[in-house]
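Inspection log for the structure reproduced underneath, given as structure tokens.
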Amino acid sequence: MLATGRPGSGRWTMPNFQYFSVAVRDLEAGIKRYEAMFGLKQTGEIFEQRWGFRGVMMGNDDGHILELVSPGESESALKRFMDMRSGEVYPDGEGLYLVGMEVDDIGEAVQRARDAGATVTLEEESPNSAWVHPLSNGNVFVELNQIADEEEDDD
């Protein structure tokens, strides 16, 4: 988790990894591939009409660690990302799309990313989440999530 402080201050720790999303053109083929290669099981479905994609959560008995996401028919950020990435090396534009990270303090994490030159998006309906734009981060979206402590939830 992201702690107060700067690197070298003795108080900085890395964010916790939550999950990652892999962009695939053919969702059903992607599911079969990850089941066969890694023994992962489908643990849930994602129907994201707002962002124009659908997907599945995959994992093992410990929970979900991977999302496979596929663009819908309409224009979407995921479709644009995959089309932009398509070429000789990645003919279908498939590959790593998003990394989810857990942070202690969303405000601090956002400021740190912006100080480093990243474009960060916040939304009112998701005050504990932020998204680092892929063009400011090596073509990978990063979702930052502040997870409330259980003790805070009891108050």
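Using our numbering, the letters of the sequence shown correspond one by one to residues 970 to 1124. In this text, a Cβ means the ideal position worked out from N, Cα and C, and glycines have one as well. As the structure is a computational prediction, the values presented were derived from the model and not from experiment.
Counting along the chain, R1049 sits inside no beta strand (DSSP E); it lies in the alpha helix (DSSP H) bounded by residues 1046–1054. Between the alpha carbons of E1063 and V1038 lies a gap of roughly 10 Å. Looking at the DSSP output, W1100 shares a beta bridge with T1090, E1112. Sixteen is the threshold: since fewer than 16 other Cβ atoms of the shown chains lie within 10 Å of the Cβ of S1095, the residue is exposed.
Counting every other CB atom within 10 Å of its CB across the protein chains shown gives Q1115 a total of 16 or more, marking it as buried. Counting C-beta atoms within 10 angstroms of its own C-beta, L1035 has 16 or more neighbours from the protein chains shown and is therefore classed as buried. Remark: three or more beta-carbon pairs, one from each stretch, lie closer than 8 Å, so the region 1009–1027 and the region 1037–1053 are flagged as touching. Taking every protein chain shown into account, the CB of M1026 has 16 or more other CB atoms within 10 angstroms, so this residue is buried. Contact between the region 984–1003 and the region 1060–1078 is established, with three or more Cβ pairs separated by less than 8 Å. Beta bridge pairing from DSSP links P1040 with F1022. DSSP, reduced to helix, strand and coil, places V1068 within a strand of the structure shown. For a cut-off of 8 Å, the C-beta gap from Y1003 to L1009 is around 5 Å, short enough to register as a contact.
Secondary-structure assignment with DSSP links G1032 through a beta bridge to N1029. Under the 10 Å beta carbon count, K1048 is surrounded by 16 or more other beta carbons and is classified as buried.
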